Structure formats: structure tokens, C-alpha cells
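Here's the structure, in C-alpha cells; my notes come after.
Take a look at the structure:
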């Protein structure tokens with residue numbers, strides 16, 4: 001910002017300063033390298049007790065693989081197979097898990113947006129899979145392809161979101177067999193960040209890899225990670241054919257797979273943080289091991305979308321102290337096995353972007369960051385326990401992500417001499433508002449935070465957080481600029497979509 005522009009903003013007062021924050025240039029932060037210590041909720045003995053529980057489960061109880069090809073792959077090992085139940089000794093299991101890399105590179109069509117996942121690097125990805133949208137008019141309705149494109153644009157503009165997404169929402173106006181094609185195109189077209197693939201059928205995963213081949217070159221896309229993909233087990237202790245098909249397709253192409261048990265403490269897992277962690281550890285490690293049997297060295301993530309269950313209604317609950325503990329434990333267990341860790345953030349069970357939504361989201365967000373999660377999913381806008389996405393909450397959540405990105409940088413001791421001289425210049429009884437050091441400070445200020453007087457808030461229209469979020473989402477969409485994409489590449493993607501739509505029946509079954 002130039003000096004004359006800064007003077008103009010000061011002259012325009014509070015409204016001009018707010019507009020400058022909202023209209024600030026788009027900044028794309030690199031993956032977070034946290035300077036604050038990781039938080040752990042148990043000691044080394046506790047980690048080993050959970051490990052022992054998980055090993056007893058895989059050795060004595062086993063995990064079901066409801067897929068003939070996966071059972072045939074397991075049959076080449078020393079695993080004991082009884083029907084669809086697979087049991088394996090801990091030494092053989094851990095030898096397979098050790099083949100998965102501790103970090104990997106996920107390529108973007110714009111090399112400047114390529115990210116490293118694992119090690120000390122933490123990346124954030126957007127919402128995932130809700131079929132409903134809470135729109136600009138406050139109506140809850142089915143999400144559409146226009147919504148998907150809008151949300152890709154908002155995510156592209158978000159400073160602390162590193163991934164373009166894929167199924168940010170389910171565009172319900174596109175028939176299911178063709179939907180995955182438009183999801184991938186939307187991610188490639190509206191953003192140049194890395195994308196998430198589709199896992200709802202083998203052929204949809206194969207189409208995603210083929211579209212990556214158009215963007216990156218076929219040989220590159222079949223040997224390098226161009227998508228990171230999310231599969232869920234059916235807890236307790238079941239992996240189904242659909243998820244396993246996706247795992248096999250992506251692993252064979254060296255694309256990453258998040259092996260994420262869908263735990264609901266007290267329903268699909270025991271009513272215990274430690275018990276839940278034991279079950280999901282067994283499930284996740286078995287899937288990671290299968291991935292290594294498919295292609296040794298294929299990148300895999302250990303992840304738990306931690307939820308609990310209301311014992312009064314049976315409904316899933318996101319954002320609670322217990323789910324936070326599970327996320328912290330997941331980070332410790334992932335480090336125990338040397339694989340990247342996936343967490344969730346900003347998912348609320350509230351039905352609107354209200355105070356409950358804020359608290360729900362924070363109980364997801366702080367354990368994701370402070371557990372050292374290498375990949376944080378669902379990081380913007382999700383309400384109704386991930387069934388719905390709010391435009392307003394999306395951009396509010398983005399500000400929280402930016403705040404945590406700032407927080408995780410920790411303390412800065414680089415300017416102590418300048419601080420001393422500033423204190424000396426101001427002297428007793430002065431103030432620091434006009435000091436040169438203050439003007440260049442990087443103190444974090446929430447762009448949409450309301451910190452004016454009650455009277456000024458009334459004059460401004462008595463806007464709550466939801467309305468402020470909607471206003472900001474509209475403003476961002478109005479100033480969105482599409483990232484450059486080669487016209488021939490875009491045409492090739494559209495030709496592929498048109499051909500596959502002719503080949504794939506539009507109706508299920």
C-alpha cells in the first residue's frame with residue numbers, strides 16, 4: 001500500500017479502513033510450518049496402550065474387507081482370511097505400514113501452489129460432500145453446480161486454504177453418474193490449487209486420474225500424486241467394496257489416500273476416547289497396509305473425522321471435548337507409525353452460523369492445528385454435522401483459519417531493539433498508536449470482527465456475524481479473478497467430460 005493510499009484510508013475513517021481490509025489483495029499462504037509446540041493428551045505409555053489394543057484387534061478379531069479383489073491381494077500375504085475377515089500379525093502389518101512415506105508432494109496445475117504433505121508441513125482443504133446449501137437468501141436448499149463453482153472461487157481466494165477441493169458440495173442438479181466429471185472440472189477451472197478426487201465408484205476414480213492425465217500428462221499422472229482422496233470405513237471394522245476400489249485405483253497411480261474410519265464415539269466405536277482410538281487405529285492401519293500391497297510407497301494418511309453421539313437423541317455431534325481428545329490422540333498415533341495425519345475443522349452441528357456453530361467449529365479447529373495435523377479437511381462453512389454448507393460461515397471460518405495460521409507462528413523476537421527505541425521515544429504516559437513500529441506491525445486483526453460502539457453498530461444496520469459473512473462472500477465473488485488456464489487444456493477437459501457423459505448412462509443402475 002502506497003503512502004498516498006494509506007493517507008486516503010486514514011482520511012476516510014473507519015469505513016475506509018474496513019473496506020481496505022475486505023478488499024485487501026489476495027494472498028496465498030504456503031503450507032503452515034508451526035512454531036508453537038504440539039499438544040499431546042497422553043504420554044508414551046498411553047500411546048503404547050492404544051497401540052496394543054489396536055494390535056490385539058487386528059490379530060484376534062480382524063477387519064472385514066468386503067471386496068473380492070482386496071481379499072485376493074491379502075491372500076498373497078501371511079494374513080489369515082476367514083470369509084471376508086482378515087487377521088494379521090502385528091509384525092507383518094507394521095512392516096507394510098512402514099512402506100508408506102512420512103511425507104509426499106501433491107502437485108497442482110500451477111506449480112507455485114504445489115504442496116508438501118507431512119513432515120512439519122500442514123495444509124488445509126475445504127468443505128467436503130454436503131448435499132444442502134444455506135444460500136444468500138437464507139434458504140436451505142439442494143446445492144447446485146453454480147454453488148460448487150462459487151465455493152471453488154471462494155476457496156481459491158482464501159489465504160490459508162491450500163487445496164481447491166473436489167466435492168466441496170454435491171451439485172444435486174447434475175445426475176450422479178456424471179457428477180464427478182463436473183466436480184473435477186470445477187476444481188481445475190476455478191482454481192489452480194491441488195485438487196481432491198472422487199471415491200464413489202471405481203470408474204469415477206479412474207476418470208479423475210484420466211482428467212489429471214490431461215492436465216499433467218498421462219505418464220506423470222499415473223506415477224505422481226495429483227489428487228489426495230478420502231475414503232471412510234464403516235466402523236466398526238468394515239471396509240466396503242466402493243471405498244476399497246477407490247483406494248486401489250489411486251494407490252496404483254501413486255495418488256494419496258486418506259484412510260479415515262468414520263468414527264462416532266458411543267455408536268460405531270466404544271463410548272471411550274481410548275477405545276475409539278484403538279478401533280480406528282486398527283481400521284486405518286489395515287487400509288494403509290492394503291495400499292502398500294497395491295503399490296509399495298503409495299502415499300497414505302491416517303485420519304479420523306472425530307465425532308461423538310448424543311446419548312439422548314442418537315444424533316452425531318461434532319465439536320466437543322471428547323472429539324477434540326480423539327483428534328489429539330490421532331496425531332500421536334500417526335506419529336507413532338510415521339504416516340501423515342488427517343483431521344477435520346470447522347464442522348458444526350448447529351443449523352445456522354450462530355454462537356453454537358462458532359463453538360462447535362473451534363472444538364474441531366484448535367485440536368487440528370495443535371495436534372500437528374498434516375491435512376485438515378472440511379475447513380470452511382459446514383453446518384448440520386456436514387449435511388449443509390453456509391456461504392456466510394464459509395468466509396467467517398476462513399478468517400479463523402487465517403488467525404490460527406498467525407497464532408501458530410508463535411512469538412517474534414526479531415525487533416527487540418526497535419521495540420526498546422519505540423518505548424524510549426514514546427516515554428511515560430504516551431501512546432503507541434502513531435509510532436512507526438505500530439504502523440508496520442503484523443498484529444492480526446479479523447477483517448469482519450465487530451469492535452465498534454453499540455450506537456455505531458446500530459447505525460451500520462445491526463448486522464450479526466451471519467449477515468457480515470454473507471456481505472463478505474458477495475464481495476469476494478464480485479472481485480474473483482479466474483486463474484489462467486491454457487485454452488487447449490480446458491477444451492480437452494470439456495471434450496473428455498462430453499465423451500464420458502455419452503458413454504456413462506445418466507441413471508443409476
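Numbering (my numbering), first residue to last: 1 to 509.
Cβ atoms here follow ideal geometry from the backbone N, Cα and C, with glycine treated the same way.
Predicted model, so just to flag it, every value in this text is computed and none were measured.
Here the alpha carbons of residue 142 and residue 172 stand approximately 6 Å from one another. Counting of Cβ neighbours within 10 angstroms places residue 345 among the buried residues, the total reaching 16 or more.
Looking at the DSSP output, residue 375 shares a beta bridge with 123, 342. In the structure shown, the three-state DSSP call for residue 104 is strand. Listed in chain order, the non-local C-beta contacts of residue 249 below 7 Å within the same chain comprise 202, 205, 206, 209, local neighbours out to five positions each way being set aside. About 6 Å separates the beta carbons of residue 326 and residue 273, which is inside the 8 Å limit, making them a contact pair.
Here the C-alpha atom of residue 334 lies approximately 11 Å from the C-alpha atom of residue 97. Straight across, the Cα-Cα distance linking residue 389 with residue 348 is about 10 Å. As computed with DSSP, residue 116 is found in a beta bridge with 105. For residue 112, the closest of 30, 59, 129 by C-alpha to C-alpha distance is 30. If you draw a straight line from the Cα of residue 423 to the Cα of residue 47, it comes to about 48 Å. C-alpha of residue 376 to C-alpha of residue 105: approximately 16 Å in a straight line.
Separation of residue 314 and residue 415 (C-alpha to C-alpha, rounded to the nearest whole angstrom) is 54 Å. The beta carbon of residue 492 sits closer than 6 Å to those of 214, all from its chain and outside the five residues before and after it, given in chain order. Secondary structure of residue 280 (DSSP, three-state): helix.
The beta carbons of residue 341 and residue 324 sit about 14 Å from each other, so the pair does not count as a contact at 8 Å. Per DSSP, residue 261 is one residue of the beta strand (DSSP E) stretching across 256 to 261.
The secondary-structure analysis by DSSP pairs residue 230 across a beta bridge with 258. In the DSSP assignment, residue 425 falls within the unbroken alpha helix (DSSP H) covering 416 to 426. The beta carbon of residue 77 lies closer than 6 Å to none in the same chain, with the five residues before and after it left out. Of the candidates 294, 261, 425, 294 places its Cα closest to the Cα of residue 72.
In this structure residue 397 is buried. Its beta-carbon is surrounded by 16 or more other beta-carbon atoms within 10 angstroms. No Cβ-Cβ contact shorter than 8 Å links residue 163 with residue 189. The stretch 426 to 438 makes no contact with the stretch 451 to 462; the number of CB pairs closer than 8 Å stays below 3.
The three-state secondary structure of residue 191, taken from DSSP, is coil.
Boundaries of the alpha helix (DSSP H) around residue 211: 202 to 216.
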